[in-house]
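Trainee: So the sequence shown is residues -33 to -1, 1 to 378, counted in mature numbering (1 follows the signal peptide of the UniProt record, and there is no 0). All residues carry an ideal CB built from backbone N, CA and C; glycine is no exception. Structure in structure tokens, see below.
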Amino acid sequence: MEDPMKRSPITSLAVAAGAAAATLAGTAGPAEAAAVRAVDLGAVTANAVNDHGVVVGKDAYNSYGLAARWDSTGKRTGLGTLPGYSHSDANDVSDRGVVVGTAFEVGSGSEVLRQNAVRWDRTGRISRLDAVPGRPVSTAVAVNDSGVAIGEAGTTTGPDTHVHAVRWEPSGKAVNLGSLPGYEHSAPFAINNRGVIAGVAYTPGPDRQNVWRAVRWDAHGRITELPTLPGDDQSTAAYVNDAGTIVGDSYSAGARHPVTWDVAGNITRLGLPAGVTGAYATGIDAQGNVAGTATTGVGGGERAVRWDRAGRVTELGGLPGGGWSTSGRINDHATVVGTATVQGGAYLHAVLWDRRGRIVDLGTLPGGGPNSSAWEINDRGLVVGRAQAADGEFHVVLWSLRNAPAADGDA
């Protein structure tokens, strides 16, 4: 599934989702040396990877480009765009090879003139997803293994657009998912294989800052407001697993509290390791293990953490000689990827933590620069990230471990 923190929505939604916790466990040391293989995809953008090693994104970085997909060996297939459109981006790919994203028509001043949600079938054929009446601007951000896609539809391409969450059936038919009473907008962040969607309803507040509420849509499109913690007045929901557990956060006046909601909508505040001031989640696996990053206040750095399904928190630690670390996604073997500092914080390296908390330094590109980072991993252990090339430019990289630590059961 695609990461909601990296997607390209109609409106830019800065959402920090929370995680779980209770007691602090010890930090494991480095894993035994593993042979790391790196495949350089070049200066492109990668948005998602499925469990067959298919990566999707676009053939440009920090600019408009054309959607593409790559296999695990780095072979590229261009996906093109709709007739009459100039650019496209692929945002997610299912395990059945269905890709969803957006087609754009861009003007001479780089302004977006038209934007439409699209789907590519497993052979690469593109089709336009149906428009929502009164909301002609759309983008598709995620798709499940049944071919149900989610995204947003808005009234214009400009900043004053009114946006609603949308679900597209495998046929391409659009369903406007609406918003909560009293809220102008909504946005979906994740969909599970049962069709349950996690997201937000939001509306401008008295100070023109958006007011956010975590919501869940069931497989029939019915919306439910998820509760906040006592004393809080805002919330967000960012991830949902196939069991229906949603991860997000509850907050007020800037103080964010990691939380989960069960299938009945009951909220649980998830504690923090000692000495930290907050945390946010970066993913949840099928068993309910949650990856996240704990923060220690201004100037205090960050620490990658993982919570097991019982709510016990483990600090994942960093690399020898480093300092802080942050987590990316988690796969269904409770393996977490992320980034850790090296040489006293001078550089960043992509890393992997196995289910026991043992860390593997994924390194950098041979002959390249000193920095790398990782944000995505599939259930076969293929890691997606970025590393610095010799000229200083960052390239997307696929890492795999030939002697990876064994996954001896689920956490």
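#1: List the DSSP bridge partners of V99.
#2: For Q82, which residues does DSSP report across the bridge?
#3: Applying the 10 Å Cβ sphere with the 16-neighbour rule, what's the burial state of A313?
#4: Which same chain residues end up closer than 8 angstroms to W291 when comparing Cβ atoms and leaving out the 5 residues on each side of it in sequence?
#5: What is the DSSP secondary structure of Q254, counted as helix, strand or coil?
#6: Using a Cβ-Cβ cut-off of 7 angstroms (strictly less than) and excluding sequence neighbours within five positions of A181, which residues of its own chain qualify?
#7: In three-state DSSP terms, what is D201?
#8: Where does Q355 sit, in a helix, a strand or coil, going by DSSP?
#9: Hey, quick one: how far does the beta strand (DSSP E) through Y314 stretch, first residue to last?
#10: Which one of G20, N29 and A109 has the shortest CA to CA distance from N58?
#11: Does DSSP put G289 in a helix, in a strand, or in coil?
#12: Please specify which runs of the beta strand (DSSP E), each continuous and at least 3 residues long, are wholly inside the stretch 140 to 194, giving them in chain order.
#13: Alpha carbon to alpha carbon, what distance is there between N143 and A10?
#14: P126: buried (16+ other C-beta within 10 angstroms of its C-beta) or exposed?
#15: Considering Cα atoms alone, identify which of G335, H152 and T281 is closest to A5.
#16: Classify G45 as helix, strand or coil using the three-state DSSP reduction.
#17: Could you tell me which of A2, L8, V16 and T12 sits nearest to L349, measuring between CA atoms?
#18: Short check: CB of A341 to CB of G295, under 9 angstroms?
#19: Kindly indicate if chain D contains any beta-carbon less than 9 angstroms away from that of L46.
#20: Taking its Cβ as the centre, do 16 or more other Cβ atoms sit within 10 Å of D358, making it buried, or is it exposed?
#21: Near R353, which residues of its chain fall below 7 angstroms by C-beta distance, leaving aside the five closest residues on each side in sequence?
#22: Return the first residue and the last residue of the beta strand (DSSP E) that Y28 is part of.
#23: Rounded to whole angstroms, what is the Cα-Cα separation between L329 and Y31?
#24: For the beta strand (DSSP E) holding D328, just list the boundary residues, first then last.
#25: Counting C-beta neighbours from all protein chains within 10 Å, is the total for A(-13) 16 or more, i.e. buried, or is it exposed?
#26: Please report the distance separating the alpha-carbon of L332 from that of T12.
#27: To the nearest angstrom, how far is the alpha carbon of E72 from that of N111?
#28: What's the C-alpha gap between A84 and G101?
#29: If I measure Cβ to Cβ from L239 and keep anything under 8 angstroms in the same chain, skipping five residues before and after, which residues do I get?
Mentor: Taking the coordinates as given:
#1: R102
#2: F71
#3: exposed
#4: G268, E269, R270, G285, A307, T308 and G312
#5: coil
#6: V167, L193, S202, T203, A204 and G215
#7: Note that residue 201 is Gln in the sequence shown, not Asp. Q201: strand per DSSP, three-state reduction.
#8: strand
#9: Y314 to W320
#10: A109
#11: coil
#12: 141 to 145, 152 to 158, 164 to 171, 177 to 184 and 190 to 192
#13: 36 angstroms
#14: exposed
#15: G335
#16: strand
#17: V16
#18: yes
#19: The structure shown contains no chain D, having only a single protein chain.
#20: exposed
#21: S339, S340, F361, H362, V363 and V364
#22: Segment: none, Y28 is in no beta strand (DSSP E) and carries neither H nor E.
#23: 29 angstroms
#24: I326 to G330
#25: Any reading at A(-13) needs caution, since the residue's pLDDT is 27, under 50, leaving its predicted position unreliable; the model's value is listed next. Buried, because 16 or more other Cβ atoms sit within 10 Å of the Cβ of A(-13).
#26: 17 angstroms
#27: 27 angstroms
#28: 15 angstroms
#29: A(-13), P225, G245, A246, A261 and V280
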